[in-house]
């Protein structure tokens, strides 16, 4: 853990900086670990949950982008190649009106993630099929 990843508490022990995380998704990941019967010490569990959360976010983003109509997706992906040109307004234009079923995409991604995790246990990106 680097200085960027940790800060020291008053007791002198490192404490992980936490990003804003969706507590429902974290709980979902925690339940999957329990369902698999995995036992981890607290620090290791946090690392596992962090990896799971990161992969879930990636899968959700991928599925949301994939749900866009082809012309909108092509424009968005071209914009994403030049991050300097990307803005909240342009992101909103791409996703705002074109992803009316976000809740269903999130639900389907949770199901897809759960199946992947329960089958493999590992969180290797090669296990996630990238299809276009």
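Numbering (our numbering), first residue to last: 64 to 195. Note that beta-carbon positions come from the ideal geometry of N, C-alpha and C, so glycine has one too.
At least 8 Å separates the beta-carbon of residue 88 from that of residue 127. The three-state secondary structure of residue 171, taken from DSSP, is helix.
With a cutoff of 8 Å on beta-carbon distance, residue 173 and residue 91 are scored as near each other. In the three-state scheme derived from DSSP, where H, G and I count as helix and E and B as strand, residue 85 is classed as coil. In the three-state scheme derived from DSSP, where H, G and I count as helix and E and B as strand, residue 132 is classed as coil. Distance from the CA of residue 144 to the CA of residue 159, rounded to the nearest whole angstrom, comes to 20 Å. Counting every other CB atom within 10 Å of its CB across the protein chains shown gives residue 146 a total below 16, marking it as exposed.
The alpha-carbon separation between residue 148 and residue 142 amounts to approximately 7 Å. Between residue 171 and residue 93, the alpha-carbon positions lie close to 18 Å from each other.
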